[in-house]
Every structure is written in C-alpha cells, then in structure tokens.
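Chemist: Quick one: the structure is below, and I'll ask about it shortly.
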Amino acid sequence: MSDRTKRGASGAFEIKVPTRAALLSTAGVILLGLSFLSVETYNMMPPILPGYPGDAFFPRLVLGFCVIWAVIILARSIFLSQAAAAARYEAPYVVLHWLEFASVIVLVLLYALLVEPVGFEITTVVLMMALLVPRLLAGPRATPARAALLALALSLATMLILYAGLGPGLKIGLPLKFLPTYIQ
Numbered sequence: 071m072s073d074r075t076k077r078g079a080s081g082a083f084e085i086k087v088p089t090r091a092a093l094l095s096t097a098g099v100i101l102l103g104l105s106f107l108s109v110e111t112y113n114m115m116p117p118i119l120p121g122y123p124g125d126a127f128f129p130r131l132v133l134g135f136c137v138i139w140a141v142i143i144l145a146r147s148i149f150l151s152q153a154a155a156a157a158r159y160e161a162p163y164v165v166l167h168w169l170e171f172a173s174v175i176v177l178v179l180l181y182a183l184l185v186e187p188v189g190f191e192i193t194t195v196v197l198m199m200a201l202l203v204p205r206l207l208a209g210p211r212a213t214p215a216r217a218a219l220l221a222l223a224l225s226l227a228t229m230l231i232l233y234a235g236l237g238p239g240l241k242i243g244l245p246l247k248f249l250p251t252y253i254q
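First residue of the sequence shown? That's 71 in this note's numbering, and the numbers climb one at a time after it.
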C-alpha cells in the first residue's frame, strides 16, 4: 500500500511492477527511441562548409551521451543480482500510478494540439495548472484556494521563463496571442 492509498487514493489506479522489469523495459524503450532518433539525424542536411560539422553534430553528440547512460542503466539492471539489490535496500516493486501517467500523456497531446489555435501563453498556463493543482492539493496543509493560487503563480513564472528563453532569447517563433512577438 502506497502513501497515496493511505490518504484515500484507490489502489485500483496503481500497478506493482518488479523493479528489475521496470528498469529493463524503461532502458529498452529509451534505447529504441534513441536508435530511431539516431537514424533520423542522417536525414539532416549535410555540412555546407568544409570543416564545419553540420546540423547533425550536436544531436548526435546528445544522443551518444544518452545512449551511454541508457546502456549503464540496462547493464546495471541485468548484472545486479537480486541479493545485491536487496542489500542496497532497493524496493522489490515499483508502484506505477497508471491514471496519472495517462492523464499526463493526454495533457501533453492536448497541449501540442491547442498551442497553435489557443496561443502559447494560455495553453502553457492551463497545462501547468492542470499538472500542478492535483499535486499541490496532496500536501498536508493544502487548501484548494492556496493550491490554485500557487499553481497560477508557478504557471505564470514558467510561461514567462519559457517565453523569454525561446522568443527573444533563441529567436524561436511562438504562436503568441498577447505577448509581443520578436520574430517576423
């Protein structure tokens, strides 16, 4: 029984998965995704200038770094015996909250679909509030008003930081509705 179940959340929304299986499947999925992205870097434009590494250099560098860590996680989960894991006080099971996981996936897909018609500012604030309010309500002294106010403040701060970094900072065009556009 998890801490959330003790506080009244239903155990029906939880799945217990052996830690080793969770690590193996996570590392496997990450390696498959990294393999796909590595293949996609070969579709990038070749370098135009002699001596210039080209557009694919940095993505391949990041992908290589990620592959190293995924292989470390995979090797650790394969070669670390269960006795050694028990000696290190690792939990034998990982509790997955599938409803929360599915809701985050749905929210991110909605964000991707609605950012263009609704606007970056509104969509980002609404997404962040939808993610933050339930987590802030889980606190010991949480009230709905306090959770909503704190979520709104954090959502606005996140949106402004992303806007400043992506818009004026990196000159990336955003589908804005009321903040000034820096790129024509």
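For each residue, glycine too, the CB sits at the ideal point set by N, CA and C.
#1: Rounded to whole angstroms, how far is the Cβ of leucine 201 from the Cβ of leucine 220, which I believe are closer than 8 Å?
#2: Only counting the same chain, and skipping five residues up and downstream in sequence, which positions put a Cβ closer than 7 Å to that of lysine 86?
#3: What is the DSSP secondary structure of leucine 166, reduced to helix, strand or coil?
#4: Quick one: using the 10 Å Cβ neighbour count with 16 as the cut-off for buried, is glycine 239 buried or exposed?
#5: For the candidate residues Ser147, Pro250 and Leu133, whose alpha-carbon lies nearest to that of alanine 92?
#6: What is the C-beta distance between threonine 111 and proline 129, in whole angstroms, given that I count them as a contact (C-beta under 8 Å)?
#7: Excluding the five sequence neighbours on either side, which residues of its own chain have a C-beta within less than 8 Å of the C-beta of tyrosine 68, listed in chain order?
#8: Just to confirm the assignment, what range does the beta strand (DSSP E) spanning isoleucine 85 have?
#9: Does the segment 172-181 touch the segment 228-235, meaning 3 or more C-beta pairs lie closer than 8 Å?
#10: Kindly indicate which three-state DSSP category phenylalanine 149 falls into: helix, strand or coil?
#11: Taking just the CA atoms, how far does alanine 217 sit from arginine 211?
#12: When burial is assigned at 16 or more other CB atoms within 10 Å of the CB, is glutamate 186 buried or exposed?
#13: Which word fits phenylalanine 248, buried or exposed, when buried means at least 16 other C-beta atoms lie within 10 angstroms of its C-beta?
#14: Under 7 Å, do alanine 140 and leucine 101 count as touching if we go by C-beta distance?
Modeler: To lay it out plainly:
#1: The residue given as residue 201 occupies position 131 in the sequence shown. The residue given as residue 220 occupies position 150 in the sequence shown. Separation of the CB atoms of leucine 201 and leucine 220 is rounded to 13 Å, and the pair is thereby denied contact status at 8 Å.
#2: On the sequence shown, residue 86 is found 16 positions in, with the first residue counted as 1. So the list reads Tyr163 and Val165, once near-sequence residues are dropped.
#3: Against the sequence shown, residue 166 aligns to sequence position 96. In this structure, leucine 166 counts as strand in the three-state DSSP scheme.
#4: Stepping through the sequence shown from its first residue, residue 239 is reached at position 169. With fewer than 16 other beta carbons inside 10 angstroms of its own, glycine 239 counts as exposed.
#5: Residue mapping note: residue 92 aligns to position 22 of the sequence shown, counting from 1. That would be Ser147, whose Cα lies nearest to the Cα of alanine 92.
#6: Along the sequence shown, one-based indexing puts residue 111 at 41. Along the sequence shown, one-based indexing puts residue 129 at 59. So it is a contact: roughly 5 Å between Cβ atoms.
#7: Nothing about residue 68 can be reported from this structure: the residues present for the chain run from 71 to 254 only.
#8: Position 15 of the sequence shown, counting from 1, holds the residue named residue 85. Taken as a continuous stretch (DSSP letters only), the beta strand (DSSP E) holding isoleucine 85 covers 84-88.
#9: Not touching, per the Cβ criterion.
#10: If you number the sequence shown from 1, residue 149 lands on position 79. In the structure shown, phenylalanine 149 sits in a helix (DSSP, three-state: H, G or I).
#11: Along the sequence shown, read from residue 1 onward, the residue named residue 211 stands at position 141. Along the sequence shown, read from residue 1 onward, the residue named residue 217 stands at position 147. Rounded to the nearest angstrom, the two C-alpha atoms are 10 Å apart.
#12: Along the sequence shown, read from residue 1 onward, the residue named residue 186 stands at position 116. Glutamate 186 should be labelled exposed.
#13: Sequence index remark: in the sequence shown, residue 248 carries index 178 (1-based). Looking at its Cβ environment, which holds fewer than 16 other Cβ atoms inside 10 Å, phenylalanine 248 is exposed.
#14: Walking along the sequence shown from the start, residue 140 turns up at place 70. Walking along the sequence shown from the start, residue 101 turns up at place 31. Their beta carbons are under 7 Å apart, which means alanine 140 touches leucine 101 by this criterion.
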